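So in my numbering the end of the sequence shown lands on 486, straight run, no missing numbers.
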Amino acid sequence: MDNNAALPAADLLESNRDLQGSRAIRLLATTNLSLYATLMERHLSDGQLPETELVIRLERDLHDLNDLQSGLALIKTWAAQGWLHRIVDKRHDQNVCYLSQDARRALDFLRGMRRQDTIATGGSITGIASRLKQVALRVDNDPARIRKHIEAEIAALHEELDQLDAGQRPQPDVTDCYDEARAIALQMERLITDIGQYGTMIEQATAALDEPIDSNTEYRDRQRQMYTDYQAAWDSQGRDSHRAFLRMINDPDQRAEFEADVAAVAEALPALDPALRKVMAGFFELVGHQIDEVERIQQRCAQRVKRFTAFGTMEQSRGVARQLNDAIGAARALLKSSFTDSRLDIDVPLTRHAISSVGALSFKIGDLSNPKPAEHAASDVDLTSFAALTTQVDAPAMSDMLNRALRDGPVELPDAVAMLDTAYLGHVIVLWSWALTQPGTRTDEKDPVSTTVRFRSLDGRDREIAVPRLTFTEPIITLAGAAS
């Protein structure tokens, strides 16, 4: 039973909408399906073709079919719909064309309907029973049953050897042979298309990387989705099949033995469907085209990842610069409202005022009289200016942790910091800014009760900072709402 049958109607509808938007379904639903499928199957089913030659072939067929379309215009239409790839062959300095995986899948479906493909043949039950027996014995833990099967196979092989030594060769069941060979050829035809599924998955994993990015948060989310999709492609059966076929193609002994078996079957079964016989004879060549396509997709994806990473590096640098500017602005506001002759608990790089230095502070004493007594600050640092730090910490995971703790009652800010396995200053500042937005929080208190919390600095040392005993009473709904 299909597992999708247990899905809610809305989820199943959304899955079917995704399928309806696929290129393969669009090809099957086009009003020119019969013409497109005819031309694709006649000229592109065997692999790639130079574009100039493809144009000549298409226009010859279009003329015979009394169709006034241009061959080049038809190629451009197919390429725009994602049914055809047009690339530059640098070895021969010319454009070549070949069908996409979606177009091949649609053509496989049409061929199957045209030939009325079926696996329900006279000899199919025998092959199913034999293969099922092999699987059952591999997973069975009954030694007696396994031994009985092995001994029966040994006896059958000895009997066959004795007949061979005596010059006897029993006639095979031709019906069973035809049915098994046809089933194998159908499977090979489908595998030629499915071998490129791994390439399609990594293509989809990087398809969104070329879209514009407006924020650091969007860059982070898209990067995580890319890694998730790549992991799914890495763990897929398509990748396993791709590697297995690649090893087999590159092994001359396995390939020679396989080709000898194909030749023996083709000679002994002359009534096999010509199209399926062609698939068997050209199996390695057709699979080779698919593997070449996967390599081309990998190269395109590598270029996308390179551009995406370069853009992300630039965007992240801009984000850090914006955060530093905000922090410097807040520090300047604090220095304007608070004058003290005590040592600041931060390291400030100093230079002579006559020297211009990026990132250094310069002081010039304009009044040489005795300084006035120190005064308390009239204002505090505006923590809202540090909201951009939410893109530098795993804010969604931290908000989920805090919301789970709030189920058991209010949580104070120092306790929230203590719940983190490794707290950095960014975590403390973000939690502090969230706590200031909680209902009932008073920001006008002169001397709020504070508690010292520990955090890890980027140099690996443990640090301390005094934070007010603010209380979380309401859950953090969203990252944007919490940080605002």
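Glycine included, each C-beta is placed from N, C-alpha and C at the ideal position.
Bear in mind the structure is a predicted one, so any value in this text is a computation, not a measurement.
Inset, instruction - Tell me whether His-94 sits in a helix, a strand or coil according to DSSP, three-state version. - result: Counting from one through the sequence shown, the residue named residue 94 turns up at place 92. His-94: coil per DSSP, three-state reduction.
Legend entry - Boundaries of the beta strand (DSSP E) in which Ile-467 is found, first to last residue: Working through the sequence shown from its first residue, we reach residue 467 at position 465. Unbroken beta strand (DSSP E) run through Ile-467: 464 to 470.
Inset, instruction - Could you give the DSSP three-state label for Ala-473: helix, strand or coil? - result: Walking along the sequence shown from the start, residue 473 turns up at place 471. The sequence shown places Thr at residue 473, not Ala. Strand, per DSSP.
Inset, instruction - Find out if the Cβ-Cβ distance for the pair Arg-456, Tyr-426 is shorter than 8 Å. - result: As a position in the sequence shown, residue 456 is number 454, starting the count at 1. As a position in the sequence shown, residue 426 is number 424, starting the count at 1. No. Outside cutoff.
Inset, instruction - Measure the alpha-carbon distance for Glu-269 versus Asp-263 and round it to whole angstroms. - result: Walking along the sequence shown from the start, residue 269 turns up at place 267. Walking along the sequence shown from the start, residue 263 turns up at place 261. Each residue's alpha carbon lies about 10 Å from the other.
Legend entry - Local Cβ density within 10 Å of Thr-33, reported as buried at 16 or more and exposed below that: Position 31 of the sequence shown holds residue 33. Thr-33 should be labelled exposed.
Legend entry - Segment contact, 8 Å Cβ cut-off, at least three pairs: the region 78 to 98 with the region 133 to 144: no
Inset, instruction - Name the residue from Asn-68, Asp-48, Glu-55, Asp-95 whose alpha carbon lies nearest to the alpha carbon of Ile-77. - result: As a first step, residue 77 must be located in the sequence shown, where it is residue number 75. The residue among Asn-68, Asp-48, Glu-55, Asp-95 with its C-alpha nearest the C-alpha of Ile-77 is Glu-55.
Legend entry - Environment of Asn-18 [buried if 16+ CB atoms lie within 10 Å]: Position 16 of the sequence shown, counted from the first residue, corresponds to residue 18. Under this definition Asn-18 is an exposed residue.
Inset, instruction - Tell me where the alpha helix (DSSP H) around Val-432 begins and ends. - result: Mapped onto the sequence shown, residue 432 falls at position 430. Unbroken alpha helix (DSSP H) run through Val-432: 427 to 438.
Legend entry - Burial state of Met-282, where buried means 16 or more other Cβ atoms lie within 10 Å: In the sequence shown, residue 282 corresponds to position 280, counting from 1. Met-282 is buried by the Cβ-count criterion.
Legend entry - Inter-residue Cα distance where the pair is Ala-244 and Val-413: Indexing the sequence shown from 1 puts residue 244 at position 242. Indexing the sequence shown from 1 puts residue 413 at position 411. According to the sequence shown, residue 244 is His rather than Ala. Rounded to the nearest angstrom, the two C-alpha atoms are 53 Å apart.
Legend entry - Residue from Cys-303, Ala-75, Leu-14 with nearest C-alpha to Tyr-232: Position 230 of the sequence shown, counted from the start, is the residue given in the question as residue 232. That would be Cys-303, whose Cα lies nearest to the Cα of Tyr-232.
Inset, instruction - Provide the residue span of the beta strand (DSSP E) that contains Ser-17, from first to last. - result: As a working mapping, residue 17 is identified with position 15 in the sequence shown. Looking at the DSSP string, Ser-17 is not in any beta strand (DSSP E); the run it does join, the alpha helix (DSSP H), is 11 to 22.
Legend entry - CA-to-CA distance, Leu-159 to Ala-168, given in whole angstroms: Locating residue 168 in the sequence shown gives position 166, counting from the first residue. Locating residue 159 in the sequence shown gives position 157, counting from the first residue. Going from the Cα of Ala-168 to the Cα of Leu-159 covers about 14 Å.
Legend entry - Assigned secondary structure, Thr-54 (DSSP; H/G/I helix, E/B strand, else coil): Counting from one through the sequence shown, the residue named residue 54 turns up at place 52. Here Thr-54 sits in helix by DSSP.
Inset, instruction - Could you check if Ala-295 is buried or exposed, using at least 16 other CB atoms within 10 Å of its CB as the buried criterion? - result: Here residue 295 refers to the residue found at position 293 of the sequence shown. Residue identity check: residue 295 is Glu in the sequence provided, not Ala. Buried, since its Cβ has 16 or more Cβ neighbours within 10 Å.
Inset, instruction - Give me the Cα-Cα distance between Ser-486 and Glu-466, rounded to the nearest whole angstrom. - result: Along the sequence shown, one-based indexing puts residue 486 at 484. Along the sequence shown, one-based indexing puts residue 466 at 464. Only weak support is given to the placement of Ser-486: the predicted model assigns it a pLDDT of 39, under 50, and the value that follows is read from those uncertain coordinates. Each residue's alpha carbon lies about 26 Å from the other.
Inset, instruction - Could you round the C-beta distance between Arg-306 and Thr-208 to whole angstroms and report it? I think they count as a contact, below 8 Å. - result: Position 304 of the sequence shown, counting from 1, holds the residue named residue 306. Position 206 of the sequence shown, counting from 1, holds the residue named residue 208. Yes, they are in contact, since the Cβ atoms of Arg-306 and Thr-208 sit about 4 Å apart, within 8 Å.
Inset, instruction - Name the residue from Gly-240, Gln-440, Arg-113 whose alpha carbon lies nearest to the alpha carbon of Glu-191. - result: Residue numbering aside, residue 191 sits at position 189 when the sequence shown is read from its first letter. For Glu-191, the nearest C-alpha among the options comes from Arg-113.
Inset, instruction - Go through its chain and collect everything with a Cβ distance to Thr-475's Cβ below 8 Å, but skip five positions before and after it. - result: The residue labelled residue 475 in the question sits at position 473 within the sequence shown. Only Leu-408, Pro-412, Gln-440, Pro-441, Gly-442 meet the Cβ criterion.
Legend entry - Ile-348 in three-state terms, based on DSSP: Start at 1 with the first residue of the sequence shown, and residue 348 comes out as number 346. Model confidence at Ile-348 stands at a pLDDT of 44, short of 50, so the residue's coordinates are unreliable; what they give is reported in the following sentence. In the structure shown, Ile-348 sits in coil (DSSP, three-state: anything other than H, G, I, E or B).
Inset, instruction - Report buried or exposed for Leu-15, applying the criterion of at least 16 other Cβ atoms within 10 angstroms of its Cβ. - result: Position 13 of the sequence shown, counted from the first residue, corresponds to residue 15. Under this definition Leu-15 is an exposed residue.
Inset, instruction - Would you list the residues sitting across from Val-455 in a DSSP beta bridge? - result: Reading the sequence shown from its first residue, position 453 is the one you call residue 455. Ile-467, per the DSSP bridge assignment.
Inset, instruction - To the nearest angstrom, report how far apart Glu-182 and Ala-26 are at their CA atoms. - result: Numbered from 1 along the sequence shown, position 180 holds the residue referred to as residue 182. Numbered from 1 along the sequence shown, position 24 holds the residue referred to as residue 26. The straight-line gap from Cα to Cα measures roughly 29 Å.
Legend entry - Proximity to Ala-514 [Cα-Cα], best of Asp-402, Leu-274, Asp-95, Ile-152: Residue coverage of the chain in this structure runs from 3 to 486, which leaves residue 514 outside it and unanswerable.
Legend entry - Beta-carbon gap between Arg-226 and Ile-215 smaller than 8 Å: Taking the sequence shown and counting its residues from 1, one reaches residue 226 at position 224. Taking the sequence shown and counting its residues from 1, one reaches residue 215 at position 213. In this structure, Ile-215 does not lie closer than 8 Å to Arg-226 by Cβ.
Legend entry - N- and C-terminal bounds of the alpha helix (DSSP H) containing Asn-405: Taking the sequence shown and counting its residues from 1, the one referred to as residue 405 is at position 403. First-last of the alpha helix (DSSP H) with Asn-405: 397 to 408.
Inset, instruction - Can you give me the start and stop residues for the alpha helix (DSSP H) that Ser-72 sits inside? - result: In the sequence shown, counting from the first residue as 1, residue 72 sits at position 70. Run containing Ser-72: none; DSSP gives neither H nor E here.
Inset, instruction - Determine, using beta-carbon pairs with one atom in the region 55 to 73 and one in the region 143 to 155, whether at least three such pairs fall under 8 Å. - result: no
Inset, instruction - List in chain order: all unbroken alpha helix (DSSP H) runs of 4+ residues lying wholly within the region 162 to 210. - result: 176 to 196, 199 to 208
Inset, instruction - Tell me whether Glu-43 sits in a helix, a strand or coil according to DSSP, three-state version. - result: Mapped onto the sequence shown, residue 43 falls at position 41. Looking at Glu-43 - three-state DSSP - the assignment turns out to be helix.
Legend entry - Residues that Glu-297 bridges to, as DSSP identifies them: On the sequence shown, residue 297 is found 295 positions in, with the first residue counted as 1. Answer is none; Glu-297 lacks a bridge partner.
Legend entry - Nearest to Leu-46 (by Cα), restricted to the options Leu-193, Asp-196, Gln-103: Position 44 of the sequence shown, counted from the start, is the residue given in the question as residue 46. Here the closest residue by C-alpha is Gln-103.
Inset, instruction - Please confirm whether Val-451 and Leu-415 have their CB atoms less than 8 Å apart. - result: As a first step, residue 451 is located in the sequence shown; it is residue number 449 there, counting from the start. As a first step, residue 415 is located in the sequence shown; it is residue number 413 there, counting from the start. It is not a contact, given that the beta carbons lie outside the stated cut-off.
Legend entry - From Asn-97, Leu-101, Thr-120, residue whose alpha carbon lies closest to that of Gln-83: As a position in the sequence shown, residue 83 is number 81, starting the count at 1. If we check each option's Cα against that of Gln-83, Leu-101 comes out closest.
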